[in-house]
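Participant: The numbering of the sequence shown is my numbering, which starts it at 1 and goes up by one.
C-beta atoms are modelled at their ideal positions from N, C-alpha and C, and glycine is treated no differently.
Please read through the structure below; I'll follow up with questions.
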Amino acid sequence: MKKIKPLEFACFIPFCIIGILIGINTQRTFNMAEEDAYISIILTIILGIIPIILFSYIHNYEKDLKINNKIEKLYGKYLGTFINILIIIIFIVVSIVLLYDISNFISSQYLYRTPISIIALLLIITTIYNVSKGIENMSRITIIIFFINIILLISGYGTLLTKIDTSNFFPILKNGIKNPLISSLYSASCSILPLYLLLIIPKNNIKNQNKTKLYVILLYIISTIISLIMIISTLGTLGIYLCKLYEYPTYIALKSVSILSILERTENILSMQWVMAYFIILSYIIYYISENITDHIKIKKEYITSIIGIIIFILSIISFKNNIIFNNFTSKYLPIITLPILIISIITSILIFIKKRI
Numbered sequence: 001m002k003k004i005k006p007l008e009f010a011c012f013i014p015f016c017i018i019g020i021l022i023g024i025n026t027q028r029t030f031n032m033a034e035e036d037a038y039i040s041i042i043l044t045i046i047l048g049i050i051p052i053i054l055f056s057y058i059h060n061y062e063k064d065l066k067i068n069n070k071i072e073k074l075y076g077k078y079l080g081t082f083i084n085i086l087i088i089i090i091f092i093v094v095s096i097v098l099l100y101d102i103s104n105f106i107s108s109q110y111l112y113r114t115p116i117s118i119i120a121l122l123l124i125i126t127t128i129y130n131v132s133k134g135i136e137n138m139s140r141i142t143i144i145i146f147f148i149n150i151i152l153l154i155s156g157y158g159t160l161l162t163k164i165d166t167s168n169f170f171p172i173l174k175n176g177i178k179n180p181l182i183s184s185l186y187s188a189s190c191s192i193l194p195l196y197l198l199l200i201i202p203k204n205n206i207k208n209q210n211k212t213k214l215y216v217i218l219l220y221i222i223s224t225i226i227s228l229i230m231i232i233s234t235l236g237t238l239g240i241y242l243c244k245l246y247e248y249p250t251y252i253a254l255k256s257v258s259i260l261s262i263l264e265r266t267e268n269i270l271s272m273q274w275v276m277a278y279f280i281i282l283s284y285i286i287y288y289i290s291e292n293i294t295d296h297i298k299i300k301k302e303y304i305t306s307i308i309g310i311i312i313f314i315l316s317i318i319s320f321k322n323n324i325i326f327n328n329f330t331s332k333y334l335p336i337i338t339l340p341i342l343i344i345s346i347i348t349s350i351l352i353f354i355k356k357r358i
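Structure below.
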């Protein structure tokens, strides 16, 4: 594996936090926290520090090993293999959700006469091709898309800040702190924990390792600030009733944005950063799974990558027959499904601490 730069490594963080927030987390946040959605995001930022600390601690242990090898070394061959399989299943479920979500968005907003299956197939083929080029090319594409997304996000949601109606943020905590807190736990579970995917890249495969932690913290701060701006601008522009009514409130809010009073209907351009974010996350999920499998099965990685992509495509098509089933699954079950990754990360950190002490 060729070495990648610390910034290329850390640039995956914004795609996890911002991309998933725009997609599966936004409407749930508004439905649960209502006018206190921005408080929920602030709590998510605070809670997100825990996974970041766990991530850095695990990454610094046995710097030449991938996370699946670390798991087997710490837990033993059989239990470690079971844990790795469990994590693979969790990420397959996440990838199915992401692929359906973005395909449904493109079908409903851009290509309303095109079946979701065709869009999903094109997306998964592009993702498979991206993964087949290796982590070094993936990381370069990630950093390029990151800068494009930052420009789109700032130009879009930054403009919305000038259109905010402050009355949309009141009353504050009318139902107490419980709902914003629960919403923040869901958001942290779904958007921050995919950072676990980065642990498949051994720290020794990163140039200037000492700068890795700095870039991770910096990109986390940037991501959370942008997430907060997105929620504040969307809620302040639309109001809570419209935010709960629309399936994609952050996209609808962008309809009022024009660039220099020249370009109209810029929401279609600005929302492309969401499509690109999902593309990057799906690429890293497939890469993570293929790296795990090829460590145990001697098959060409290109074949494994293609098979994984096809499985994800088929399952995304047959799992969700309509949006009602999809929304019910993401709101009730997805946070519970992703929770074991946090539990495994905590236990793994404890085992590393004990082993170092011994």
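1) So, is residue 261 buried or exposed, given that buried needs 16 or more other C-beta atoms within 10 angstroms?
2) Once the 5 residues before and after residue 263 are set aside, which same chain residues still bring their CB inside 7 angstroms of it?
3) Kindly give me the distance between the Cβ atoms of residue 139 and residue 9, rounded to whole angstroms, as I take these residues to be in contact under 8 angstroms.
4) Buried or exposed: residue 115, going by 16 or more other Cβ atoms within 10 Å of its Cβ?
5) Could you check the C-alpha separation between residue 320 and residue 13 for me, to the nearest Å?
6) From residue 4 to residue 240, what distance separates their C-alpha atoms?
7) Do residue 287 and residue 99 have their beta-carbon atoms positioned less than 9 angstroms apart in this structure?
8) Can you grab the Cα-Cα spacing for the pair residue 349 / residue 54, in whole Å?
9) Using 10 angstroms around the beta-carbon of residue 18, count the other beta-carbons present and answer buried if the total reaches 16, otherwise exposed.
10) Identify the continuous alpha helix (DSSP H) that holds residue 291 and give its terminal residues.
11) Taking residue 249 as part of the alpha helix (DSSP H), name the residues at either end of that continuous run.
12) Just to confirm, are residue 197 and residue 335 a CB contact at a threshold of 9 angstroms?
13) I believe residue 273 touches residue 152 by the beta-carbon criterion, under 8 angstroms. Please report the beta-carbon distance rounded to the nearest angstrom.
14) Work out the CA separation of residue 111 and residue 212 for me, nearest whole Å.
15) Rounded to a whole number of angstroms, what is the C-alpha to C-alpha distance between residue 124 and residue 250?
16) How many angstroms separate the CA atom of residue 133 from the CA atom of residue 80?
17) Does the stretch 147-167 come into contact with the stretch 226-244, if we say contact requires no fewer than three beta-carbon pairs (one atom in each stretch) closer than 8 angstroms?
18) Do you know offhand how far residue 113's Cα is from residue 225's?
19) Answer with buried or exposed for residue 74, where buried requires no fewer than 16 other C-beta atoms within 10 angstroms of its C-beta.
20) Excluding the five sequence neighbours on either side, which residues of its own chain have a C-beta within less than 6 angstroms of the C-beta of residue 200, listed in chain order?
21) At what residues does the alpha helix (DSSP H) containing residue 215 begin and finish?
22) Using the C-alpha atoms, what's the distance from residue 77 back to residue 16?
23) Taking just the CA atoms, how far does residue 101 sit from residue 276?
24) Which of the three DSSP states is assigned to residue 135 in this structure?
25) Closer than 7 angstroms by C-beta to residue 281: which residues in its own chain qualify, once you throw out the five before and the five after it? Chain order, please.
26) Suppose the cutoff is 8 angstroms on Cβ atoms and the five residues either side in sequence are ignored; what does the same chain contact list for residue 25 look like?
27) Run the CB neighbour count on residue 330, radius 10 Å, all protein chains shown included, and call it buried at 16 or more, exposed below.
28) Out of 180, 163, 242, state which residue places its alpha-carbon closest to the alpha-carbon of residue 229.
29) In this structure, does DSSP put residue 297 in helix, strand or coil?
30) Are the C-beta atoms of residue 244 and some chain C residue less than 9 angstroms apart?
Facilitator: According to the structure data:
1) For residue 261, the predicted structure reports a pLDDT of 48, less than 50, and the residue's modelled location is therefore unreliable. The matter cannot be settled from this model.
2) Any reading at residue 263 is ruled out, since the residue's pLDDT is 47, under 50, leaving its predicted position unreliable.
3) 7 angstroms
4) Exposed, by the Cβ-count rule.
5) 28 angstroms
6) 43 angstroms
7) no
8) One alpha carbon belongs to residue 349, the other to residue 54, and they sit about 7 angstroms apart.
9) buried
10) 272-294
11) Where residue 249 is concerned, the enclosing alpha helix (DSSP H) stretches over 249-253.
12) Contact flag unset, no.
13) 4 angstroms
14) 40 angstroms
15) Roughly 24 angstroms separates the two Cα atoms.
16) 29 angstroms
17) yes
18) 37 angstroms
19) buried
20) 66, 67, 288, 291
21) First-last of the alpha helix (DSSP H) with residue 215: 212-238.
22) 30 angstroms
23) Straight-line Cα distance between these residues: approximately 13 angstroms.
24) helix
25) 15, 16, 19, 98, 194
26) The answer, listed in chain order, is 186, 187, 190, 191.
27) buried
28) 163
29) coil
30) Protein chains in the displayed structure number just one, and chain C is not present.
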